[in-house]
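Q:
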Amino acid sequence: MTSTADTPHSYSELRAQLETLTTEAFRSELSEIDRLPTLEIARIMQGEDATVPGAVAAQLPQIAAAIDATAERMARGGRLIYAGAGTAGRMGVLDASECPPTFNTDPSDVLGLIAGGPGAMSRSVEGAEDSKELASADLDALQLTSDDTVVGISASGRTPYAVGAVEYARGTHGALTVGFSCNADSPLGDAADLRIEVVVGPELLTGSTRLKAGTAQKLVLNMLSTITMIRLGKTYGNLMVDLRASNEKLRARSRRIVSLATGASDDTIEAALTQAGDEVKNAILIILGGVDGRTAARLLDDADGHLRAALRAAADEG
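Next comes the structure, spelled out in structure tokens:
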């Protein structure tokens, strides 16, 4: 594993790099924040957090472009892969892990890679973020294709693991790459096909990018995965019709979703879900399309899972 900061000389170079980053800037006006009352510190922190949505809004065209390009590739069987270190890596893993229960995706469809592997979710793995080679190895194990999308996530925009991930994915496999950082004109953005640079400014605690930068990462990754799934037909309006009912709460939610979509009686809903093998989307099609379970499955398969298209096809057949 290589390191970019293993000699006094390289420490000096890295320190100079960090001093150019807005996410690392020192806020002299907050230099005595530890002497303030707790409520005042909380007010200051809340005010800082309130600026993040505006910074995200400034990047909406770039975010939308990344979503459309990702959805196009995932419709052909590609995957969405996040790669980052530290907080950024954890945010990617978190977002990826929420997709199977929310959208009934296969766990391999949306993946989160964190420098140092799964153990780095709860503890720091020394030197992992400094290695481009580690990123290449992690991605190589996934057998990338040109239909995959790799999103490198780094608050600074210079983390070698994230930069190495997009360089490898783009140059070696022709995958779509997105460089997502919280500094403008970042090396990560330069290395990727598309760039998302949400400039949140200096942190309350100097260099603590788990704060505003982490919040920005959560907001943007929510958009990337959720709107991509909307584009792929994983929702019907704002209903999670591909929800995986894996526990009692979700089984109750699945029935509520069918009710909201159809207005049908409880008995009708239960009968439809039984026919559909508890698949929410199929049950809705059975009720609204007036078809049986086998026909619903066929129509949805023909429509690549898009319920509105399947409903139109059911009406045409009827």
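Residue numbers (the UniProt record's numbering): 1 to 318.
Built from N, CA and C at the ideal position, the CB exists for glycine as well.
(1) Ignore the nearest five residues each way along the sequence and tell me which others in D253's own chain have a CB closer than 7 Å to its CB.
(2) Return helix, strand or coil for T209, following the three-state DSSP convention.
(3) How many angstroms separate the CA atom of I63 from the CA atom of T105?
(4) Could you tell me if R308 is buried or exposed, where buried requires 16 or more neighbouring beta carbons within 10 angstroms of its beta carbon?
(5) In whole angstroms, what separates the C-alpha of D190 from that of G179?
(6) What separation, rounded to the nearest whole angstrom, lies between the Cα atoms of T20 and V150?
(7) If you follow the beta strand (DSSP E) that Y154 is in, where does it begin and where does it stop?
(8) For the alpha helix (DSSP H) that contains A57, what are its first and last residues?
(9) Between the stretch 201-216 and the stretch 46-58, can you find at least three pairs of beta-carbon atoms closer than 8 Å?
(10) Relative to the C-alpha of A88, which candidate in A120, I284, P101, P53 has its C-alpha closest?
(11) Considering A83, what are the terminal residues of the beta strand (DSSP E) in which it resides?
(12) Give me the residue from S208, L30, G54, D278 with the minimum Cα distance to I44.
(13) What are the boundary residues of the beta strand (DSSP E) that includes S181?
(14) Grouping DSSP H, G and I as helix and E and B as strand, with all else coil, what is L39?
A: According to the data block:
(1) Per the sequence shown, residue 253 should be read as Arg rather than Asp. Once the five neighbours on either side are set aside, the close Cβ partners of R253 are L243.
(2) The three-state reading of DSSP puts T209 in coil, since its state is none of H, G, I, E or B.
(3) Taking the straight line joining both Cα atoms gives about 22 Å.
(4) Counting C-beta atoms within 10 angstroms of its own C-beta, R308 has fewer than 16 neighbours from the protein chains shown and is therefore classed as exposed.
(5) Straight-line Cα distance between these residues: approximately 8 Å.
(6) About 26 Å.
(7) The residue you asked about is not Tyr; residue 154 is Ser in the sequence shown. If you look at S154, you'll find it in the beta strand (DSSP E) that goes 149-154.
(8) Run containing A57: 52-57, per the alpha helix (DSSP H) assignment.
(9) At 8 Å Cβ cutoff, the stretches touch.
(10) Nearest C-alpha to A88 among A120, I284, P101, P53: A120.
(11) Run containing A83: 80-84, per the beta strand (DSSP E) assignment.
(12) Of the listed residues, the one whose Cα sits closest to I44 is L30.
(13) DSSP places S181 in the uninterrupted beta strand (DSSP E) bounded by 176-181.
(14) Correct three-state label for L39: helix.
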